[in-house]
C-alpha cells in the first residue's frame, strides 16, 4: 500500500486548491482539515462566482448538508463547469433518504455532470439507489457489514463513479475493484462533520491521484489521524487532536497503520 | 433532584433526533454539544424540507441569531408542523430587543404555534414582554437577580410556556412553579454560543421529559459540565473541555453537583 | 510603543459592540476571538436589521469571504449607515482578485462609504488597485517583502484609508506613515480564518483608537497571542490556545513582545 503514502506526499507537494460548496455546519471544520493536511481550501457558493472558482480550483467538493434552492442552483452550475473542465468532483449526499429535497438534489447532480466519487453512509447510498435506506436524520440508522460492500459495488456500477460507503468498515469500489478500509475510531461518531471532513480530504487527494486510489488514500489518512487522535478519550479534545495529526502525520506512519484489503 | 439524573439517562438511551433551525455562528457548536451529550442533531432550514425533517425529529430547536426572511418563513413552517404533530419546540430569541426584526419574529413564532420552552437572557425575555429590556447586541446588558425570577414567572404566564431566564442564576418557570439553577461558570460568557448550546440541549431533554423538568435538567447538566470544564482557566481550552464533559459526565455527578431550589 | 498596550486596555474597559457581516466559514472563530479579547460581537446580515444593528454597534466589520447578492446588498446598506453615523468600518476583501464578484464588491463598498481600514494579503490588495495580483483562491500566492510596504502606502493613498497588507511582515499605512509589524507565527497559515480574526479584532480596536494605531495595535496583539500559542506545535491545539492567549494576554506582555518599526 505504498501508493497511499505516495498520494499523501503528492497532496503536500501540490497543495491543491479545493473548492468546497458545503454545508454551514461543517465549513469551518472542512477548511481546517484541508489546511492541516496541506491543501488549500476555498469556499464559494454564489452562482455569480462558482464558475470562475471552479476554473482556478484543482477539485470540487459538493456537500448537500444544508440545502436551499440558490445553493442547489450553484451546485449544479459548479458540477457542470467542473465536468466541462475535467476537474474531479466528490459528492457527499448528506441526509439523502431523509427528505425528498436531499435525495432528488443528489440524484440530479449525479445526472448532470461527471461525479468522480460519492462518499456517504449506508443509508445515504442506499437512498440514491432507491432502496429502503432507513436514514435517520443525517446519521445512518442501519449498517450491515455484509451488505455494505455489495452496496458500494452496485452503486459504483449504477452511477459510473467510485463509491465509498463508510461505516465501521469502509468499502470503496469502482464497480470492478473494491477495497475495505478498517481504520477509524468510534469517537469520529461523536464529532459533527467528520464524514464531511473525509469527503473534503478526498477532494484534495482527487487532485493528485485517480479516483479509486484517491478515495482509499483519503479515508486511510483521515482515519489513521483519528486513531492517533483517540489518545484523547473525549470528543472535544479528540476533535482538536484530529487537526494536529492531519498536520503532523507522515506517509510512513499512514502506510504502516493502514488496514486496507481488496474485497 | 434524582429526576435530573434520570432525564440525562433517558436522553442517552433514546438518543433523540433534534432538528435545529439555528444561527450560522453556533451551528457547529450546537451540533457538537448534542452529539457529545448523546443526542443526534440534524440541521435543515429549507422550506422545502423542514416539514419532512420535523416529522422524523423528536424535537425542534428554533434560534433566531442570524435571521433573514427565508429562514423566518422556514421557522414558521417548522413550528406549525411541530405543533400539528405534537413535537416539543424550544425557542431561543437571540437578540430580541436589539432589532425590530428579532423581536417581531420571536413574537410571531410564539403566536403561531405551540412553543414548549423559551430560553433567553434577561434583556431578551423582557423584550418579548414589551418591557424596556436594554438589550445590547445579543448580550444582556442588564441583569437583576431580584427581577429575573419574576420575569420568568410573568413571561411563562403570558405565553403559556416554560420560560428560562438564564444568567448568573437561571430561573425556570411554568408560571406556577419556578426553579432557580445556580450552576454554571463565568467562562461561559467568554465563548460564543453557550446560551445557544443550552437551548439545543434543552431540545434533547424535551424529547424525554415534560418541559419544566426538561429545561431544568438541561441547564443543570450543561452548567455542571461547564463547572468541570473550568479546570481549564482560559476560554479556548474551556470550550474544548466543555464537549469532553458533556460526553463524560454521568447522572450521579450531575445530581451531586446540582444547585437547584424551588423559588 | 506604549500606545499599543493602552489600546488593548481601552478595548477591555469599553468592551465595544462589534457588528460583523462576515463569511460563514469564520463566523464562529471571529465571535470567539472578539469575546476572548474582551469585546462583544454581534452577527447580523439581514437588510431588514443591519441599519438598526449598526446604530447600536461601536464599529462594523465587513468580510466578503462567502458572498451572495443579498449579503452584498446588506453590506452596502450597513456601510452607508456606518458612514452616516460616523462609526468606524474595517473591510476584509477576502479573495479579491480570485473572482470578479469579490473584486467588484470590495471596490463598490470602498466607493460607497467611509471605510476606515482595509486588511488583506498582498494578492487581495493588489487586486483592489487593479494590479496583477496573482490571487490563488483566498490565499495569497505571491508575496514580496520589498513591494508589500509600497503596496500598503499606495493603496492607502488611493483609497484614503488605512491599509494593512499582512503576510510574513505586515505593513500598515495611512499613505503618509507606514509601520512594519514583524510579529506572528507560521501556524497562523494552517488555521482557517486567522486573517479574518485579525480583521475582526481590528474592528474592536477601531472603537477605541484612531485607525492607524488601532490597526497596528490589533495586529500586534493578535500576533503576539499567536506567538505565545505556538507553544502548541500543531494547528488544532494552536488554534485553541490562540483564544486562551487572546483572553489571558496583558498590555505589558504585548508591549514587551511587540516588533513594530516605522518604515
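Chains as they are written, first to last, in my numbering: chain G, -12 to 250; chain L, -12 to 250; chain E, -12 to 250.
Cβ coordinates follow ideal geometry from the N, Cα and C atoms, glycine included.
All values derive from a computational prediction rather than experimental measurement.
Sequence-distant Cβ neighbours of residue 70 of chain E in its own chain, meaning closer than 7 Å and more than five residues away, are 100, 101. As the crow flies, the alpha-carbon of residue -3 of chain E is around 34 Å from that of residue 116 of chain E. Put simply, the CB of residue 157 of chain G is far from chain E, with every gap to its CB atoms at 8 Å or more.
Put simply, of L/179, L/29, L/199 the residue whose alpha carbon is nearest the alpha carbon of residue 81 of chain G is L/29.
Residue range 181 to 193 is occupied by the alpha helix (DSSP H) that includes residue 193 of chain E, with no beta strand (DSSP E) assigned at that position. Of all residues in the region 215 to 233 of chain L, only 219, 220, 221, 222, 223, 224, 225, 226, 227 come within less than 9 Å of chain E when Cβ atoms are compared, listed by chain position. With a threshold of 16 other beta carbon atoms within 10 Å, residue 91 of chain L falls short and is exposed. In the structure shown, residue 232 of chain L adopts helical secondary structure according to DSSP, grouped into three states.
Annotation: residue 37 of chain E to residue 145 of chain L spans about 30 Å, alpha carbon to alpha carbon. With fewer than 16 other Cβ atoms from the protein chains shown falling within 10 Å of its own Cβ, residue 237 of chain G counts as exposed.
For residue 234 of chain G against residue 177 of chain E, the beta-carbon gap comes to about 6 Å, under 8 Å, which counts as contact. From the beta-carbon of residue 89 of chain E, the residues of chain G found nearer than 9 Å are 31, 36.
In chain order, 170, 171, 172, 244 place their CB closer than 8 Å to the CB of residue 214 of chain L, counting only its own chain and leaving out the 5 sequence neighbours on each side. Only residues of its own chain outside the window of five on either side were considered, and among them 192, 193 have a CB closer than 6 Å to the CB of residue 201 of chain L, listed in chain order. Residue 114 of chain G and residue 83 of chain G have their C-alpha atoms spaced approximately 6 Å apart.
Interface annotation, residue 54 of chain L: in contact with chain E, CB-CB separation under 8 Å. Residue 203 of chain L and residue 88 of chain G have their C-alpha atoms some 36 Å from each other.
Separation of residue 23 of chain L and residue -5 of chain G (C-alpha to C-alpha, rounded to the nearest whole angstrom) is 31 Å. If you check the CB distance, residue 186 of chain E and residue 66 of chain E do not come in under 8 Å. Taken atom to atom, the span from the alpha-carbon of residue 111 of chain G to that of residue 222 of chain L is near 37 Å.
Restricting attention to G/72, G/54, G/104, the CA atom closest to the CA of residue 86 of chain G is found in G/54.
Note on geometry: alpha-carbon atoms of residue 93 of chain L and residue 179 of chain L lie some 21 Å from one another. A direct Cα-Cα distance of roughly 21 Å separates residue 0 of chain L from residue 41 of chain L. In the three-state reduction of the DSSP assignment, residue 248 of chain L falls in the strand class. Around the beta-carbon of residue 106 of chain L, 16 or more other beta-carbon atoms lie within 10 Å, marking it buried. The beta-carbon separation of residue 58 of chain E and residue 32 of chain E, rounded to 6 Å, stays under the 8 Å limit for a contact. For the C-beta of residue 85 of chain L, the chain E residues within less than 9 Å are, from N- to C-terminus, 29, 31, 36, 39, 40, 43. DSSP, read as helix, strand or coil, puts residue 165 of chain G in strand. Residue-level contact by beta carbon fails for residue 50 of chain L and chain G, as no gap is shorter than 8 Å.
Looking at the DSSP output, residue 160 of chain L bridges to L/150, L/165. DSSP, read as helix, strand or coil, puts residue 25 of chain E in coil. By the neighbour-count definition (other C-beta atoms within 10 Å, threshold 16), residue 147 of chain L is an exposed residue. Among the residues facing chain E, residue 11 of chain G is included, as its CB has a counterpart in that chain under 8 Å away. Annotation for residue 26 of chain L: -2, 2, 3, 5, 191 place their beta carbon closer than 7 Å to its own, counting only its chain and skipping 5 residues before and after.
Under a criterion of Cβ atoms nearer than 9 Å, the residues of chain L adjacent to residue 22 of chain E are, in order, 176, 177, 178, 179, 222. Residues of chain L whose Cβ lies closer than 9 Å to the Cβ of residue 16 of chain G are, in chain order, 15.
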